[in-house]
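Residue numbers (the numbering used here): 26 to 405.
Scroll down for the structure; my scribbles are underneath it.
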């Protein structure tokens, strides 16, 4: 049986946002303390008097706030409005920036083809105008998107390009993000030593830049913990997962998708140790948050369903596990494609459920489909 925990990418768009006009130390405010009413009022006034510059500014701020809250659908709506206005101007720098932000928001929603389309356009414009920051951001977010699609070698190539630019221009935030995201791809490929080195490097830089209580630090801690879990180093993983969860709840609020990720990962750790009573409420809470914030067809919902089903399967609750496995498989195939590694995991887990019940004729073709997908992935 294959349990899935979620690594947490560090979006390359952070440095894009920091280039926006600064108002009242916006970037220093804890995400859950942002007040969108200020910018909604500004937006209405700008639209009333026809002030396009202020309208673009307000739309960008509102998108940033909702993105930081994990409310990605709302962020997309504001960014789409901003994009329409900017396309009417000749401001190629702002166009590249908005395309990148919109691509990152689509990626967070699991709408990967939309993300790729916008990020590729950002990349082309950045190359055309020589905007090296936008170029690094595009590389980073394309890497995250291809990583989410299970195309790890393509992801690694993009992250390496981002890292090279970051080191050339001395952008430590981008360097830390690229290192951390590279580590995730290496972890997925089974190169744990390389992954650990990159995670520790990313953690060190983020702590030096932002201190110990920062969302990026929480992501680094989460990734390091997930690596230790993969290696069976449970006593090392647990305090890191707990620290990551505490930071996220404090800074992002208890219903943020990143909090759901932390709850899922902590639950998967407990499940791996047979602590089912501790794991179940965490899985259920994670699923509740994820469905509410990201929608019922998001890949992260499939992860939560899969892990909850594994918990029930481990306890012999087969009737409760089967519909969850089937729903997870349907979401994963629809959102990620039939040859994604998570689809192979879903087939494997469903086959394992049937095998545990002695339904060997039903289990065998699913095991074979899982094996075929995995072999194809390993050969590419």
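Cβ atoms here follow ideal geometry from the backbone N, Cα and C, with glycine treated the same way.
Just to confirm the assignment, what range does the alpha helix (DSSP H) spanning residue i have?
i: residue 156; result: Where residue 156 is concerned, there is no enclosing alpha helix (DSSP H), given that its DSSP letter is neither H nor E.
i: residue 231; result: 217–235
i: residue 132; result: 117–133
i: residue 377; result: 366–381
i: residue 186; result: 177–194
i: residue 212; result: 197–213
i: residue 275; result: 259–277
i: residue 246; result: 240–255
Quick one: measure Cβ to Cβ for residue i and residue j, integer angstroms, because I've assumed they're closer than 8 Å.
i: residue 121; j: residue 156; result: 6 Å
i: residue 87; j: residue 65; result: 7 Å
i: residue 272; j: residue 243; result: 4 Å
i: residue 311; j: residue 289; result: 4 Å
i: residue 165; j: residue 202; result: 6 Å
i: residue 169; j: residue 132; result: 6 Å
i: residue 333; j: residue 354; result: Going by Cβ atoms, the distance from residue 333 to residue 354 rounds to 14 Å, so no, they are not a contact pair.
i: residue 294; j: residue 270; result: 11 Å between Cβ atoms; not a contact.
i: residue 204; j: residue 227; result: 4 Å
i: residue 81; j: residue 107; result: 6 Å
i: residue 160; j: residue 151; result: 4 Å
i: residue 171; j: residue 214; result: Their Cβ separation, rounded to whole angstroms, is 13 Å, which puts residue 171 and residue 214 out of contact at 8 Å.
i: residue 134; j: residue 319; result: 7 Å
Exercise. For the segment 279–354, which segments carrying the alpha helix (DSSP H) assignment without a break, of at least 4 residues, lie completely within its bounds, in sequence order?
Worked result: Runs of the alpha helix (DSSP H) spanning 4 or more residues and lying entirely within the segment 279–354 occur at 282–297, 301–319, 324–339, in chain order.
For this session: For the segment 64–114, list the alpha helix (DSSP H) runs that are entirely contained and at least 4 residues long, ordered along the chain.
Result: 77–93, 97–112
For this session: Count the CB pairs spanning the segment 180–188 and the segment 139–158 that are closer than 8 Å, and state whether there are at least three.
Result: The segment 180–188, when compared against the segment 139–158, does not touch it at the 8 Å Cβ threshold.
Problem set entry | Contact between the segment 314–327 and the segment 292–304 (3+ Cβ pairs under 8 Å) | no
Exercise. Okay, do the segment 251–258 and the segment 273–288 touch, 3+ Cβ pairs below 8 Å being the bar?
Worked result: no
Exercise. Should the segment 331–340 be called in touch with the segment 349–357, which here means at least 3 C-beta pairs below 8 Å?
Worked result: The segment 331–340 makes contact with the segment 349–357: 3 or more CB pairs, one atom from each, lie closer than 8 Å.
Exercise. So does the segment 378–385 actually touch the segment 360–367, counting three or more Cβ pairs closer than 8 Å?
Worked result: No: fewer than three Cβ pairs fall under 8 Å.
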